[in-house]
Amino acid sequence: MNDLLGCSSASPLPNNIDPSKLSQAFSDYFHNKIHTIRDKLDKIPHQNSETPPAFTGTPFTHFQPLTLTDLEKVLKEMTLKTCDLDPLPTQLYSDCLPELLPSILKIINTSLQTGTVPNSFKTAIVKPLLKKPSLDPNTLSNYRPVSNLSFISKLLERVVLKQLNSHLLCNNLLSPLQSAYRPHHSTETALLKITNDLLLATDQAEISAVALLDLSAAFDTVDHNILLQRLQHTFGIHSTALSWFSSYLTDRYQTVSIDKLNSDPIRLECGVPQGSVLGPVLFTLYTQPLDHILDRHNVFHHSFADDSQLHNSSSPDQSESLLSSISDTITDVQNWMTENKLQLNSNKTEAILIGTTSKLSKATSDSLQLSDSSVPLSSAVKNLGVTLDNTLSMKQHISSVSRTCYFQLRRIATIRKYLTTDATAKLVTSTILSRLDYCNSLLAGLPSSSISRLQRIQNSSARLVLRKKKRDHITPLLNQLHWLPVPARITYKINTLTYKCLHGLAPAYLSDSLSLYVPSRALRSSADSLKLNIPHTKLKTAGQRSFSFQAPSQWNTLPLPLRQQQSLESFKSALKTFLFSK
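Using full-length UniProt numbering, read the sequence shown as starting at 1 and increasing by one per residue.
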């Protein structure tokens with residue numbers, strides 16, 4: 001079995017495998033994959049990378065015990081999901097909360113005060129999940145091992161995370177360019193920052209080189225000793241708090257479960273569990289020293305968990321030098337990762353040059369040279385679920401969204417006669433409108449011919465929900481469903497993000513791109529208050545599509561009472577009413 005599962009790069013499932021042995025087959029594969037990567041990394045000579053600055057603030061030495069009120073607040077924020085390890089369905093925790101709460105509180109406070117995690121909380125049931133629906137389900141390497149943990153263990157992790165985040169925020173220890181697992185940050189804000197930089201560079205007649213880095217089994221190869229040293233040295237975690245994290249990481253076990261059939265338990269010697277509350281956050285802290293390497297190379301960068309993007313810009317005649325600087329940076333990143341037991345997957349690393357068509361034609365390079373491979377420049381790359389082409393026209397992204405939405409619409413149409421109007425509307429909202437809205441702020445400033453393709457999808461969706469024919473006028477249907485048209489949805493998203501930027505509800509990297517308008521002489525009208533500066537740009541297809549241009553341009557057209565709303569919810573409600581009135 002190990003011969004079949006441990007060595008082949010394709011990692012196919014053995015033919016006619018006994019279903020009772022399938023969970024063990026997955027378990028062996030996941031276990032062998034981690035050890036193969038670790039053994040490979042151990043054989044590579046290490047180059048001592050720079051040590052990040054030591055923590056100099058007030059150390060985090062112990063956790064604060066919780067009260068019943070504190071615990072109730074944390075419970076209300078959690079999703080009630082049941083794991084096979086739970087002694088009773090999670091819903092019963094909620095139904096019997098007054099009786100169970102004191103016992104749960106004692107368990108959690110005892111763990112926090114003693115710096116130990118109960119062994120029963122360190123066992124995970126792994127359910128292999130196919131990474132993408134389009135991948136071959138008969139290939140083991142196409143699955144991701146996601147850990148399911150008991151409800152109370154996740155509750156404990158959430159309590160610890162709250163106090164850890166408080167320490168990190170108070171001491172300004174979080175990377176400003178890491179957008180994963182942080183309030184007010186998302187894939188959309190990350191992509192908006194990246195595309196804003198690229199569009200402004202294009203507006204200055206430059207081309208930009210972008211490299212997307214991919215890691216192999218990133219969460220699963222994290223070295224526990226290195227992580228604990230980093231928590232202590234870089235993030236100032238000591239004493240009982242550090243002992244708790246040490247207990248959390250050690251003596252963890254996992255078993256793969258398929259159709260209620262479990263593999264033998266395996267002790268985990270490295271890694272942080274995917275599917276846990278703390279694991280992803282600990283991974284971002286583990287990789288934070290990469291910021292110092294990237295800053296030293298003067299390369300713009302952004303990360304979302306284990307997805308990293310590097311980019312820099314130059315004149316077209318300097319394209320070789322531009323790609324060479326990116327290549328040198330990746331080499332240093334690769335050396336750091338090797339030393340820290342992480343493996344950069346060169347086969348999945350992508351690179352692209354971005355600019356206007358005329359400027360790109362002057363570039364002389366067609367590949368990015370790495371130490372162990374050559375990465376050809378692509379005409380389009382997929383980054384955090386959005387397809388970016390080399391002119392940022394978004395045409396390929398819109399085509400991809402259109403194909404997926406029409407596929408879903410056809411599927412819904414086959415069962416429409418069995419559904420109520422309300423059920424169909426909810427189904428369409430979750431499968432179609434959610435895709436039209438995902439990162440739609442990147443579409444601001446595109447020509448109407450591009451947006452109209454997405455509008456036709458929404459029109460078809462409305463007619464399907466209300467059982468109308470193609471010749472029926474669409475505006476009354478959208479109004480009946482209370483759906484804003486696609487262009488208005490984009491405007492809604494841009495202005496909502498702008499409001500968040502102005503009220504401390506957005507990442508600093510977006511807020512810093514906006515500035516309030518300050519007139520050279522006293523205001524003659526209150527309508528000029530709360531307006532934003534609109535930067536000077538050259539190209540309608542580049543600079544005028546950037547967030548730093550679109551945000552103030554659209555914000556300044558809003559009525560003053562709308563801009564003066566005191567809360568985000570009241571602003572969103574008033575904005576939607578305003579857009580419907582137009």
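All residues carry an ideal CB built from backbone N, CA and C; glycine is no exception.
Three-state class that DSSP yields for H62 in the structure shown: Looking up residue 62 in the sequence shown gives position 62. Reduced to three states, the DSSP call for H62 is coil.
Coil, strand or helix - I293 by DSSP: To locate residue 293, count along the sequence shown from 1; it is residue 293. Correct three-state label for I293: helix.
Selected residue, minimal CA-CA separation from L258, among C170, F283, S147: Along the sequence shown, read from residue 1 onward, the residue named residue 258 stands at position 258. According to the sequence provided, residue 258 is Ile. The question's Leu does not apply to it. Sorting C170, F283, S147 by C-alpha distance to the C-alpha of I258 places S147 at the top.
Identity of the residue in T356, L294, S315, S94 nearest S327 by Cα: Position 327 of the sequence shown holds residue 327. Comparing Cα-Cα distances from S327 to each of T356, L294, S315, S94, the minimum goes to L294.
For E188, the three-state DSSP class (helix, strand or coil): The sequence position of residue 188 within the sequence shown is 188, counting from 1. E188 falls in the helix class under three-state DSSP.
Option in T331, M337, Q408 with minimal Cα separation from D372: As a position in the sequence shown, residue 372 is number 372, starting the count at 1. Relative to the Cα of D372, the nearest Cα in the group T331, M337, Q408 belongs to T331.
Cβ shell of P376 (< 7 Å), same chain only, five flanking positions each side left out: Position 376 of the sequence shown, counting from 1, holds the residue named residue 376. Sequence-distant partners of P376 (beyond 5 residues in either direction) whose C-beta falls short of 7 Å from its own C-beta, in its chain, are D366, S367.
Every unbroken alpha helix (DSSP H) inside the stretch 245-302 [4 residues or more]: Fully enclosed alpha helix (DSSP H) runs of 4 or longer: 279-286, 290-296.
Exposure of N172, with buried meaning 16 or more beta-carbon neighbours within 10 Å: Taking the first residue of the sequence shown as 1, we reach residue 172 at position 172. Classification for N172: exposed.
Residue from K395, A363, E72, V428 whose Cα sits closest to the Cα of L155: By one-based count along the sequence shown, residue 155 stands at place 155. Among K395, A363, E72, V428, the Cα nearest to that of L155 belongs to E72.
Span separating the alpha-carbon of P265 from that of L282: On the sequence shown, position 265 is the one that residue 265 refers to. On the sequence shown, position 282 is the one that residue 282 refers to. So the two alpha carbons sit approximately 24 Å from each other.
Cβ neighbours of D306 in the same chain (closer than 6 Å, five flanking residues each side left out): For the purposes of this step, residue 306 is taken as residue 306 along the sequence shown, with counting starting at 1. If we look at D306 and ignore the five residues flanking it on each side, its Cβ neighbours are L215, A218.
Alpha carbon of V299 to alpha carbon of L322, nearest angstrom: As a working note, residue 299 is residue 299 in the sequence shown. As a working note, residue 322 is residue 322 in the sequence shown. Across the structure, V299 and L322 are spaced so that their CA atoms are roughly 10 Å apart.
Residue from H224, L261, Q229 with nearest C-alpha to T250: Position 250 of the sequence shown holds residue 250. When H224, L261, Q229 are compared, the shortest CA-CA separation from T250 is found for H224.
Neighbour-count burial assignment, Y286, 16 or more Cβ in a 10 Å radius: For the purposes of this step, residue 286 is identified with residue 286 of the sequence shown, where counting begins at 1. Classification of Y286: buried, given that the 10 Å Cβ count is 16 or more.
Per-residue DSSP class, three states only, for T139: On the sequence shown, residue 139 is found 139 positions in, with the first residue counted as 1. In the three-state DSSP reduction, T139 falls in the strand class (E or B).
DSSP state of N109 mapped onto helix, strand, coil: Locating residue 109 in the sequence shown gives position 109, counting from the first residue. It is helical.
Cβ-based neighbour list, K127, same chain, cut-off 7 Å, excluding 5 preceding and 5 following: In the sequence shown, residue 127 corresponds to position 127, counting from 1. Excluding positions up to five away in sequence, the list reads V146, N148, S257.
Cutoff 8 Å; reference K162; Cβ partners in own chain excluding five residues on either side: Residue numbering aside, residue 162 sits at position 162 when the sequence shown is read from its first letter. V74.
Unbroken alpha helix (DSSP H) run spanning D307, endpoints: The count along the sequence shown starts at 1 and reaches residue 307 at position 307. DSSP places D307 outside any alpha helix (DSSP H); the residue lies instead in the beta strand (DSSP E), whose first and last residues are 307-314.
Opening and closing residue of the alpha helix (DSSP H) in which D70 lies: Counting from one through the sequence shown, the residue named residue 70 turns up at place 70. Going by DSSP, D70 is part of the alpha helix (DSSP H) stretching over 68-77.
Where P552 falls: helix, strand or coil (DSSP): Working through the sequence shown from its first residue, we reach residue 552 at position 552. Helix, per DSSP.
Residue from F245, P487, A201 whose Cα sits closest to the Cα of L228: For the purposes of this step, residue 228 is taken as residue 228 along the sequence shown, with counting starting at 1. When F245, P487, A201 are compared, the shortest CA-CA separation from L228 is found for F245.
Status (buried if at least 16 other CB within 10 Å, exposed otherwise) for F571: Translated into the one-based positions of the sequence shown, residue 571 becomes position 571. A residue is called buried once 16 or more other Cβ atoms fall within 10 Å of its Cβ, and F571 is buried on that count.
Proximity winner among P552, L514, Y499, relative to L575 (alpha-carbon distances): Translated into the one-based positions of the sequence shown, residue 575 becomes position 575. For L575, the closest of P552, L514, Y499 by C-alpha to C-alpha distance is Y499.
Proximal residues to D466 (C-beta, below 6 Å), its chain only, five neighbours per side dropped: In the sequence shown, the residue the question calls residue 466 occupies position 466. The sequence as given places Leu at residue 466; Asp does not occur at that position. Here the set comprises L477.
At least 3 beta-carbon pairs within less than 8 Å: the stretch 543-558 vs the stretch 454-461: Contact between the stretch 543-558 and the stretch 454-461 is absent, because fewer than three Cβ pairs lie under 8 Å.
Member of N533, I352, G115, D70 whose CA lies at the smallest distance from the CA of V159: Here residue 159 corresponds to residue number 159 of the sequence shown, with the count starting at 1. Restricting attention to N533, I352, G115, D70, the CA atom closest to the CA of V159 is found in D70.
Cβ-based burial, A201 [other Cβ within 10 Å; buried from 16]: Along the sequence shown, one-based indexing puts residue 201 at 201. Flag for A201 reads buried.
T383 - partner residues in DSSP beta bridges: Residue numbering aside, residue 383 sits at position 383 when the sequence shown is read from its first letter. Note that residue 383 is Asn in the sequence shown here, rather than Thr. According to DSSP, which records beta bridges pairwise, N383 is partnered with V386.
Beta strand (DSSP E) segment containing L130, residue limits: One-based indexing of the sequence shown puts residue 130 at position 130. Looking at the DSSP string, the run of the beta strand (DSSP E) that includes L130 is 123-130.
Range of the contiguous beta strand (DSSP E) that encloses Q369: Indexing the sequence shown from 1 puts residue 369 at position 369. From DSSP, the beta strand (DSSP E) with Q369 extends over 367-369.
Backbone CA spacing between H31 and S263 [nearest angstrom]: Counting from one through the sequence shown, the residue named residue 31 turns up at place 31. Counting from one through the sequence shown, the residue named residue 263 turns up at place 263. Take the alpha-carbon of H31 and the one of S263: they are about 12 Å apart.
Any non-hydrogen atom of the ligand NAP closer than 7 Å to R435 Cβ: In terms of ligand content, the structure shown is empty, and the ligand NAP therefore cannot be addressed.
Residues sharing a beta bridge with F304, DSSP: Along the sequence shown, one-based indexing puts residue 304 at 304. Answer is D307, bridged to F304.
Beta-carbon proximity list for P124, same chain, < 6 Å, skipping 5 on both sides: Position 124 of the sequence shown holds residue 124. Checking the displayed sequence, the identity of residue 124 turns out to be Ala instead of Pro. Counting only residues of its own chain and dropping the five nearest sequence neighbours on each side, A124 has a CB closer than 6 Å to the CB of S147, L149, Q254, P273.
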